[in-house]
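J.: One structure coming up, written as structure tokens, with questions to follow.
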Amino acid sequence: MQTGVDVKIIILNNQFLGMVRQWQELFHQRRYSFVDIQSPDFVAVAAGYRISGQRVDDRA
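Residues in the sequence shown are numbered consecutively from 7, following the working numbering.
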């Protein structure tokens, strides 16, 4: 906003700590601990910074 640069930010959220989950799968017999996360509403976070945001759930 200060420099007038049109920046796009894309958040790909699968609701997992991916690398941690992968290590638990490979080395700890799939005993998952603290890898399922609840994310904030990123659209609301963007609005808090006066930035437009949209949520896309369609996989197409």
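Note that CB positions come from ideal geometry on N, CA and C, so glycine has one too.
Do the stretch 20 to 27 and the stretch 43 to 60 touch if we need at least three Cβ pairs shorter than 8 Å?
T.: At 8 Å Cβ cutoff, the stretches touch.
J.: Can you tell me the Cα-Cα spacing of glutamine 30 and alanine 52, whole angstroms?
T.: Locating residue 30 in the sequence shown gives position 24, counting from the first residue. Locating residue 52 in the sequence shown gives position 46, counting from the first residue. About 32 Å.
J.: Excluding the five sequence neighbours on either side, which residues of its own chain have a C-beta within less than 6 Å of the C-beta of isoleucine 16, listed in chain order?
T.: Locating residue 16 in the sequence shown gives position 10, counting from the first residue. Cβ neighbours of isoleucine 16 beyond the five flanking positions: none.
J.: What's the gap between the Cα of threonine 9 and the Cα of isoleucine 57?
T.: Walking along the sequence shown from the start, residue 9 turns up at place 3. Walking along the sequence shown from the start, residue 57 turns up at place 51. Cα-Cα distance, rounded: 15 Å.
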